[in-house]
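Protein chains in written order, with the working numbering: chain U, 8 to 356; chain P, 8 to 356; chain E, 8 to 356. Reading through the structure tokens given below for one structure.
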Amino acid sequence: MQEGTHAYRLAEIVQRFGGELLGDPDVVITQVATLETAGPGQISFFSNSRYRRQLEHTRAEAVILTQDAADATQRSRIVCQDPYAYFARLSALLNPPATVVPAIHPSAVIDPAAHVSPKASIGPCVAIGPRCEVGDGTLIEAGCVLGAGVRVGRDCRLYANVTIYHDCIIGERVILHSGAVIGADGFGLAWENGRWNKIPQIGRVVLGDDVEVGANTTIDRGALDDTVIEEGVKLDNQIQIGHNCHIGAHTAIAGCVGIAGSTRIGRYCRIGGSAMIGGHLEIVDGVEISGATTIPKSILKPGTYTSLYPVSAHREWLKNASHLRHLDEVIKRVRDLERSIAELQGNKQ
Amino acid sequence: MQEGTHAYRLAEIVQRFGGELLGDPDVVITQVATLETAGPGQISFFSNSRYRRQLEHTRAEAVILTQDAADATQRSRIVCQDPYAYFARLSALLNPPATVVPAIHPSAVIDPAAHVSPKASIGPCVAIGPRCEVGDGTLIEAGCVLGAGVRVGRDCRLYANVTIYHDCIIGERVILHSGAVIGADGFGLAWENGRWNKIPQIGRVVLGDDVEVGANTTIDRGALDDTVIEEGVKLDNQIQIGHNCHIGAHTAIAGCVGIAGSTRIGRYCRIGGSAMIGGHLEIVDGVEISGATTIPKSILKPGTYTSLYPVSAHREWLKNASHLRHLDEVIKRVRDLERSIAELQGNKQ
Amino acid sequence: MQEGTHAYRLAEIVQRFGGELLGDPDVVITQVATLETAGPGQISFFSNSRYRRQLEHTRAEAVILTQDAADATQRSRIVCQDPYAYFARLSALLNPPATVVPAIHPSAVIDPAAHVSPKASIGPCVAIGPRCEVGDGTLIEAGCVLGAGVRVGRDCRLYANVTIYHDCIIGERVILHSGAVIGADGFGLAWENGRWNKIPQIGRVVLGDDVEVGANTTIDRGALDDTVIEEGVKLDNQIQIGHNCHIGAHTAIAGCVGIAGSTRIGRYCRIGGSAMIGGHLEIVDGVEISGATTIPKSILKPGTYTSLYPVSAHREWLKNASHLRHLDEVIKRVRDLERSIAELQGNKQ
Chain U
8 MQEGTHAYRL
18 AEIVQRFGGE
28 LLGDPDVVIT
38 QVATLETAGP
48 GQISFFSNSR
58 YRRQLEHTRA
68 EAVILTQDAA
78 DATQRSRIVC
88 QDPYAYFARL
98 SALLNPPATV
108 VPAIHPSAVI
118 DPAAHVSPKA
128 SIGPCVAIGP
138 RCEVGDGTLI
148 EAGCVLGAGV
158 RVGRDCRLYA
168 NVTIYHDCII
178 GERVILHSGA
188 VIGADGFGLA
198 WENGRWNKIP
208 QIGRVVLGDD
218 VEVGANTTID
228 RGALDDTVIE
238 EGVKLDNQIQ
248 IGHNCHIGAH
258 TAIAGCVGIA
268 GSTRIGRYCR
278 IGGSAMIGGH
288 LEIVDGVEIS
298 GATTIPKSIL
308 KPGTYTSLYP
318 VSAHREWLKN
328 ASHLRHLDEV
338 IKRVRDLERS
348 IAELQGNKQ
Chain P
8 MQEGTHAYRL
18 AEIVQRFGGE
28 LLGDPDVVIT
38 QVATLETAGP
48 GQISFFSNSR
58 YRRQLEHTRA
68 EAVILTQDAA
78 DATQRSRIVC
88 QDPYAYFARL
98 SALLNPPATV
108 VPAIHPSAVI
118 DPAAHVSPKA
128 SIGPCVAIGP
138 RCEVGDGTLI
148 EAGCVLGAGV
158 RVGRDCRLYA
168 NVTIYHDCII
178 GERVILHSGA
188 VIGADGFGLA
198 WENGRWNKIP
208 QIGRVVLGDD
218 VEVGANTTID
228 RGALDDTVIE
238 EGVKLDNQIQ
248 IGHNCHIGAH
258 TAIAGCVGIA
268 GSTRIGRYCR
278 IGGSAMIGGH
288 LEIVDGVEIS
298 GATTIPKSIL
308 KPGTYTSLYP
318 VSAHREWLKN
328 ASHLRHLDEV
338 IKRVRDLERS
348 IAELQGNKQ
Chain E
8 MQEGTHAYRL
18 AEIVQRFGGE
28 LLGDPDVVIT
38 QVATLETAGP
48 GQISFFSNSR
58 YRRQLEHTRA
68 EAVILTQDAA
78 DATQRSRIVC
88 QDPYAYFARL
98 SALLNPPATV
108 VPAIHPSAVI
118 DPAAHVSPKA
128 SIGPCVAIGP
138 RCEVGDGTLI
148 EAGCVLGAGV
158 RVGRDCRLYA
168 NVTIYHDCII
178 GERVILHSGA
188 VIGADGFGLA
198 WENGRWNKIP
208 QIGRVVLGDD
218 VEVGANTTID
228 RGALDDTVIE
238 EGVKLDNQIQ
248 IGHNCHIGAH
258 TAIAGCVGIA
268 GSTRIGRYCR
278 IGGSAMIGGH
288 LEIVDGVEIS
298 GATTIPKSIL
308 KPGTYTSLYP
318 VSAHREWLKN
328 ASHLRHLDEV
338 IKRVRDLERS
348 IAELQGNKQ
């Protein structure tokens with residue numbers, strides 16, 4: 008864990024973020040930690056009853072918790088309604104992103120026709136193409152490549168080895184993790200005379216403000232119109248988003264999800280890891296999709312959706328799964344049975 | 008959308024690509040667009056009845072469509088048999104790949120024992136190892152790395168940050184998107200004395216002509232023989248192809264597909280997104296595999312194959328899926344019922 | 008296939024690795040090959056009965072096989088108990104990793120406050136941040152980026168374009184393939200007032216000795232504590248490992264697997280390709296998970312686990328799968344039938 012380099016008294020923390028303080032207001036907090044590992048100067052949080060025992064034994068300097076749990080420890084406590092959200096804000100205060108020191112590394116290759124803010128920081132071996140714009144306070148780490156005409160807003164962070172294809176637009180405060188590829192060609196092909204003809208992908212990718220894109224995630228440029236990721240969308244690692252998709256604001260998508268082309272996903276959706284969403288679909292606002300679930304058609308009503316095959320010991324699975332190929336026949340047999348029973352019952356009356 | 012920089016009269020287009028022109032032959036077309044967004048100078052196409060309403064209201068300068076639909080708009084029209092294929096060729100005409108200007112960026116590191124065509128273009132911070140060959144008209148963008156002995160044919164395009172391991176062979180007109188890794192070691196391990204021993208992967212990857220490889224797709228080198236991707240194969244993003252696979256010509260594979268080692272896939276196959284194909288299998292020519300389908304054994308007959316668990320609202324799923332672990336028992340109960348019915352019926356006769 | 012540059016007599020091989028030699032001890036072996044393609048100077052192995060015919064017709068100089076199969080060919084043979092493991096060791100002898108020639112490429116950017124062993128080799132356009140340490144005999148290929156404070160042990164190999172975020176720890180003899188991203192932020196978010204707040208990820212990634220990480224695999228840093236991959240773990244390509252996971256020693260994970268955050272996987276597990284493992288789970292030692300299987304809850308008993316939906320021709324699938332949404336109702340109908348039968352039988356007695 009990183010050593011904390013910032014320090015706040017509990018009284019300052021409560022003054023800033025609210026909550027009721029039980030304990031010594033002058034205790035100094037320098038870092039967040041788990042209940043199990045926290046020690047001097049460290050604050051933890053309790054929001055999941057399965058960690059009750061850790062709460063009782065924690066050596067954290069202080070704990071953020073709800074009223075219900077306030078008596079379970081005698082350490083200093085901050086009582087609030089949502090300890091996890093409180094902890095998130097406090098951790099952000101204690102662990103701010105490193106200050107961006109404006110500089111352009113001499114090994115960076117910046118086209119003379121690009122405009123890089125003098126307040127931006129450009130790392131080693133970065134390549135920035137013609138007509139690019141990079142905003143104030145933006146950090147572009149080593150090995151990133153921006154094609155021609157890319158616009159990156161202010162206060163963004165591109166970790167090492169990110170690639171952005173030509174003409175894509177990145178909003179403000181966007182975070183792109185290493186290996187992310189923004190704006191590669193969509194999978195647009197037309198079959199003719201026994202071979203595939205490539206369809207030029209002339210749209211762009213447009214990422215809204217406060218978007219975060221995980222490591223090795225790929226977002227394809229539009230075929231004709233743009234691929235759009237609205238503000239506040241959070242994408243985990245190794246996600247694939249096909250051309251012309253539109254992801255609504257504040258939707259969160261976990262790792263390894265694939266979304267085929269031209270699908271429109273609403274705002275405030277939550278999509279579990281390894282889910283797969285077909286192309287040309289509409290998913291409305293507020294839909295939750297379970298991990299490993301496949302969505303082959305549109306979802307027009309909010310709610311939680313699942314398509315998980317239950318796991319079992321391999322031997323059990325062998326016995327049970329083989330019937331799935333004959334389920335239709337089984338259902339017919341049940342129908343026949345019902346008919347026979349009805350006849351027998353009829354005969355008896 | 009990119010501005011069009013090429014311009015053709017409708018008469019010229021029909022002369023070049025065929026089809027029947029209804030409307031003004033002197034209208035000038037500079038770009039393709041969707042029915043919904045097209046405006047002056049832009050041509051669209053209609054090939055999916057679900058966009059009928061957009062066709063009726065389109066402000067496109069002209070529309071490519073079939074005879075059936077020719078009366079649905081009064082805009083200029085090109086009537087042909089396959090509007091999508093026609094549109095693909097026309098879009099390629101209007102949006103040709105940027106001309107490759109031969110040049111080697113001074114920051115590129117090219118081994119003295121490599122042979123790079125004077126007609127190739129090598130971007131910033133590219134590393135090209137000993138004994139590499141790069142053909143005429145090939146563009147290698149910033150940050151690409153070619154290990155020793157890699158051969159890249161003519162008119163290829165390697166987007167930024169592509170990696171090719173030593174000794175791999177890339178055909179002509181091949182497109183490799185950013186983050187693609189060609190020729191990493193296959194997953195070859197032998198278990199001995201409580202630990203895994205690595206098996207050297209001494210084969211190569213051989214990509215045929217006109218292959219396209221999507222962003223962050225990985226193709227492992229062969230363990231002993233080569234991994235082979237035949238001509239015209241199109242691979243979307245984030246695909247994993249294991250060592251010693253052989254993919255037949257003109258097969259298209261959508262995003263996030265995994266293919267385990269030593270599997271042989273035929274020509275003209277189409278594999279849907281997130282499908283998973285086991286190792287040491289044979290899939291014959293002309294097989295179509297649905298998205299999210301798992302293939303654990305060989306497919307020896309052309310056709311379409313599927314293994315999708317149907318999605319439902321989570322509550323419904325909970326009720327239904329739990330039975331899958333007891334399906335065998337249910338089938339036995341049905342069999343018992345059939346026996347009992349037969350007995351009862353026998354008794355009655 | 009690579010040409011062999013090392014040469015050993017069969018007598019030397021048997022002396023080194025054991026086994027019984029049948030044939031000419033002076034035959035010289037320079038390379039390994041498959042039964043089908045092996046020729047002069049090449050040795051092959053036989054460990055899978057499905058290749059019996061190839062064994063009978065092989066033109067390999069020699070074959071490694073078990074006693075059972077020793078009579079199936081008259082080529083020179085090495086008889087041993089585990090031909091595949093024997094072959095692995097022999098191939099490693101014949102194909103040792105290239106010698107690391109200590110050197111720092113002039114285009115590499117190494118922070119003055121980093122310590123790179125004079126016995127390490129650093130390729131073109133590599134960026135190494137402050138406080139990094141790189142051990143003896145370690146090779147870091149072109150385009151790799153190490154953030155501040157990264158420690159890489161001795162005799163490691165980082166292929167081109169690997170990214171390691173700040174403060175991560177890499178053991179000895181670790182292999183990282185191209186595009187791997189070690190230590191990106193975990194997917195840590197807290198929902199508050201209609202938007203996601205990012206939770207700083209202040210843990211690290213710690214990779215033990217002899218770990219291998221495949222191309223484009225991502226391992227996220229811990230949120231508070233570290234993400235830990237123990238010694239001898241082998242990870243294939245395109246795997247995603249979430250923050251705070253702990254993978255036990257000598258576990259092997261095939262391509263495209265996703266493991267959500269805070270899951271603990273035991274030692275000596277084997278996880279098939281495209282499996283998906285939920286978050287906050289425990290998987291004990293010695294568990295085998297089939298390819299494409301989803302694990303939504305902890306596994307506390309060793310054994311093999313599966314959740315595969317069986318594939319069938321699409322038409323068959325359509326007929327059968329539709330019933331899964333009504334399975335609960337079908338089971339109720341079976342129960343009703345049983346009740347009716349019991350009544351009828353009761354009436355008859």
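Don't be surprised by glycine CBs; every beta carbon is placed ideally from N, CA and C.
- For Ile226 (chain U), the enclosing beta strand (DSSP E) stretches over residues 225 to 227.
- Under the 8 Å criterion on CB atoms, Thr311 (chain P) is classed as interfacial with respect to chain E.
- Residues Arg138, His173, Asp174 of the same chain have their beta carbon placed closer than 6 Å to that of Gly156 (chain E), with the five preceding and five following residues left out of the count.
- Relative to Ala299 (chain P), the option among U:Gly210, U:Asp232, U:Asn102, U:Met283 whose CA is nearest is U:Met283.
- Residue environment analysis places Lys241 (chain E) among the buried positions, since at least 16 neighbouring C-beta atoms fall within 10 angstroms of its C-beta.
- For Lys326 (chain U), the enclosing alpha helix (DSSP H) stretches over residues 321 to 328.
- Using a CB distance cut-off of 8 Å, Gln61 (chain P) does not count as an interface residue toward chain U.
- In the structure shown, the three-state DSSP call for Gln247 (chain P) is strand.
- In the structure shown, His287 (chain E) falls within a coil segment according to DSSP collapsed to helix, strand and coil.
- Across the set U:His250, U:Ile117, U:Val220, U:Arg271, the C-alpha of U:His250 shows the shortest separation from the C-alpha of Gly229 (chain U).
- The three-state reading of DSSP puts His64 (chain U) in helix, counting H, G and I together.
- In the DSSP assignment, Tyr93 (chain E) falls within the alpha helix (DSSP H) that extends over 90 to 101.
- Beta-bridge annotation (DSSP): Glu27 (chain E) is paired with E:Val86.
- A check of alpha carbon separations from Cys151 (chain U) across P:His330, P:Gly186, P:Pro32, P:Thr258 identifies P:Gly186 as the nearest.
- The three-state reading of DSSP puts Gln49 (chain U) in strand, counting E and B together.
- For the segment 234 to 245 of chain U, the residues whose beta carbon sits under 8 Å from a beta carbon of chain E are, in order, Gly239, Lys241, Asp243, Asn244, Gln245.
- Comparing C-alpha distances from Asn102 (chain U) to each of U:Asp192, U:His13, U:His112, U:Val220 shows the shortest one belongs to U:His13.
- Secondary structure of Asn204 (chain P) (DSSP, three-state): strand.
- The beta carbon of Ile176 (chain E) sits closer than 6 Å to those of Arg158, Val213, all from its chain and outside the five residues before and after it, given in chain order.
- Between Ile111 (chain P) and Ala121 (chain P) a beta carbon distance of about 11 Å is seen, past the 8 Å cut, so the two are scored as non-contacting.
- Under the three-state reduction of DSSP output, Lys308 (chain P) falls in the coil class, being neither helix nor strand.
- When only Cα atoms are considered, Val220 (chain P) and Ser124 (chain E) end up about 37 Å apart.
- In the structure shown, Leu351 (chain P) adopts helical secondary structure according to DSSP, grouped into three states.
- Taken atom to atom, the span from the alpha-carbon of Cys87 (chain E) to that of Ser305 (chain U) is near 58 Å.
- Using a C-beta cut-off of 8 Å, the segment 37 to 52 of chain P makes contact with the segment 82 to 99 of chain P, since at least three inter-stretch Cβ pairs fall below that distance.
- Apart from the 5 residues on each side of it in sequence, Val291 (chain U) sits with its Cβ closer than 8 Å to the Cβ of Gly273, Ile306, Leu307, Lys308, Pro309 in its chain, given in chain order.
- Scanning chain P for C-beta atoms nearer than 7 Å to the C-beta of Pro131 (chain E) yields Val116, Ala134, reported in chain order.
- For a Cβ distance threshold of 7 Å, nothing in chain U lies close to Ile171 (chain P): the least Cβ distance comes to about 16 Å.
- The residue from P:Tyr166, P:Pro119, P:Ile206, P:Phe94 with its alpha-carbon nearest to that of Ala105 (chain P) is P:Tyr166.
- Just so you know, the alpha carbons of Val35 (chain U) and Gly48 (chain U) end up roughly 6 Å apart.
- C-alpha of Ala18 (chain P) to C-alpha of Gly255 (chain U): approximately 42 Å in a straight line.
- Scanning chain E for C-beta atoms nearer than 9 Å to the C-beta of Phe24 (chain P) yields nothing, as the closest lies near 34 Å away.
- The residues Gly160, Arg161, Asp162, Cys163, Asp216, Asp217, in chain order, have a CB closer than 8 Å to that of Arg180 (chain E) in the same chain once the five nearest residues on each side in sequence are set aside.
- The segment 322 to 342 of chain U makes contact with the segment 310 to 319 of chain E: 3 or more CB pairs, one atom from each, lie closer than 8 Å.
- Between the alpha carbons of Gly46 (chain U) and Glu68 (chain U) lies a gap of roughly 6 Å.
- In this structure, DSSP gives Ser128 (chain E) an extended state, which the three-state scheme calls strand.
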